[in-house]
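Working notes, structure below.
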Amino acid sequence: MEKIRLGKTELLVSRTSFGALPIQRISKEAAARLVRRAFDAGVNYFDTANAYTDSEEKLGAALHDVRKDVIISTKSAGKDKQTVLAHIEQSLRNLQTDYIDLFQFHNPAELPDPEDPEGAYAAAVEMQKKGYIRHIGITNHRPKLAMEAVASGNFETLQFPFCYLAADTDFAIVEACRKADMGYIAMKGLSGGLLNNAEACYAFMREYPHVVPIWGIQHEWELDEWLELDRRDPRMTPELQAVIEKDRKELAGNFCRSCGYCLPCTAGIDIPQAARMNALLRRSPYQQYMTDTWYAKMHKIEMCIHCDACKSRCPYGLDTPALLRLMLEDYDAFYAEHHNDR
């Protein structure tokens, strides 16, 4: 499997890499089987986080005996030195390893201060000097903060959402990383499940040779699909470009990326799902959303107290309450027409 140089880290990672958030949803045995199949097929880069419940433990169980042949990144959202030190130590135990290839600050609201001796950055530097982590990176969902991270020079990699629905600001971040020789790790390459043509997503990513996509994988069939695409290595064609243009026309702009940073909701609304319901109804098997449970979840939108907390936290500047109202209207119309199809 072809390798991509991850910026100035000089790490060579498989161009088809493994996002391990979804394996927290399956059993330890299923996760071990899935991860080892990926490794045996040539995947050498696995990304996780201490916040992904037991994902680290499952990776550790699956890969500890081939540790020298894989590259593992994990994350901490800790805001101070002691918390981050504790998180790194726990990650080492979970992963059954004595080093982490890439440690990442997990979506901070502001950049860690490298001058603060008791701050999160100091913890990473201390553990790097001791040999417990090899490289330091950052993940984010906020375009402005991502650009600040690139400009700071304090991070070797950036993990940021990137897919063919990307806005101009997102493309600017990709180019800034290329110019800074900063590794770019693309998350949400399927836009949280809104994009359903994997070949188009794959071919789009191949247009950016320095970008490393991590595909979230939970099922054997998903792994098979990415391995087959990697084997065929399709490039952009007029047909795939037409798929992309159609999706951009339908989805780009005022749509929810399902990053989840609007949560928690005071009224208990499942905002990341509810705010993209019109697309979910039309781009995935809709019957699952015609249940009494989902009807009740959508109608929680009527309980919105208009505190605007979700709107203030959205890194993409969406008017979330207004978007939710539109989604409920669309859902009710769709439900009235289709609820007997479940």
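One gets this note's numbering by counting positions in the sequence shown from 1 and adding 911 to each.
The C-beta atom is built at its ideal place from N, Cα and C for all residues, glycine as well.
If you're wondering where the values come from, they're calculated on a predicted model, not measured in any experiment.
Candidates the options: closest to residue i by CA position
i, options, result
"I934", "A962, M912 and Q1199", "A962"
"C1173", "K992, T994 and L1234", "L1234"
"T1068", "Q1015, L1151 and C1176", "Q1015"
"C1170", "T1177, E1161 and D1181", "D1181"
"L1239", "T994, L1013, K914 and C1215", "C1215"
"I1049", "T959, N1108 and L1076", "T959"
"A942", "L974, S1102 and P1025", "L974"
"V1061", "A1247, T1080, C1074 and I1084", "I1084"
"L1229", "R944, C1167 and R1193", "C1167"
"S928", "A1207, E1248 and L1134", "L1134"
"E1248", "L1192, Q1184, D951 and F1115", "L1192"
"E1136", "H1121, A1111 and M1058", "A1111"
"Y956", "A1186, V981, Q1184 and L1138", "V981"
"E1118", "F1082, N1108, K1099 and L1138", "F1082"
"D965", "G1103, Q1007, P1120 and L1237", "Q1007"
"S1195", "H1210, N1051 and L1101", "L1101"
"E921", "H1121, H1250, R1053 and P1028", "H1121"
"A1031", "D1203, M1058, P1019 and M1209", "P1019"
"K1208", "A1185, C1225 and Y1227", "A1185"
"R947", "E968, E967 and V977", "V977"
"I1212", "P1226, R1224, Y1227 and M1188", "M1188"
"E1026", "H1052, N1065, E1000 and M1093", "N1065"
"I999", "K969, I1044, K1040 and D1024", "I1044"
"Q1152", "Y1113, D1243 and E1021", "Y1113"
"R1224", "N1108, P1175 and Y1242", "P1175"
"E968", "T1231, Q1001 and E1150", "Q1001"
"L1138", "I915, A949 and K914", "A949"
"A1097", "N1107, A1078 and P1124", "P1124"
Sheet register partners of residue i (DSSP bridge)
i, result
"R857", "With the chain running from 912 to 1253 in the structure shown, residue 857 is simply not present."
"D958", "G930 and S984"
"F1016", "S987 and I1049"
"F1071", "A1097"
"G1030", "D991"
"W1126", "F929"
"I1011", "I1044"
Supposed close pair residue i, residue j - CB separation, criterion 8 Å
i, j, result
"W1126", "G989", "Rounded, the Cβ-Cβ distance is 27 Å, inconsistent with contact."
"R1004", "D1141", "Actually they do not touch by this definition, with Cβ atoms about 32 Å apart."
"V924", "L917", "5 Å"
"D1012", "S984", "6 Å"
"A1190", "L1105", "5 Å"
beta-carbon residue i near the ligand ZN non-hydrogen atom, thresh 6 Å
i, result
"T1204", "Although the ligand ZN was asked about, the structure shown includes no ligands whatsoever."
Three or more beta-carbon pairs under 8 Å between the segment 1214 to 1226 and the segment 1193 to 1202, yes or no? no
Taking only runs of the beta strand (DSSP E) that begin and end inside the segment 1078 to 1106, which ones reach a length of at least 3 residues, in chain order? The segment 1078 to 1106 is shown to contain whole beta strand (DSSP E) runs of 3 or more residues at 1094 to 1098, in chain order.
Give a yes or no on contact between the segment 1088 to 1096 and the segment 1152 to 1162, applying the rule of three or more CB pairs nearer than 8 Å. no
Would you call the segment 1124 to 1140 in contact with the segment 932 to 952, where contact means no fewer than 3 C-beta pairs closer than 8 Å? Two segments are said to touch when three or more pairs of C-beta atoms, one from each, lie closer than 8 Å; by this definition the segment 1124 to 1140 touches the segment 932 to 952.
Within the chosen definition, does the segment 1068 to 1077 reach the segment 1030 to 1037 through at least 3 CB pairs nearer than 8 Å? no
Which runs of the alpha helix (DSSP H) fall wholly inside the segment 1137 to 1179 and span at least 4 residues, in chain order? 1149 to 1162
Closer than 8 Å is the cut-off here; do at least three beta carbon pairs connect the segment 989 to 1001 with the segment 1141 to 1150? no
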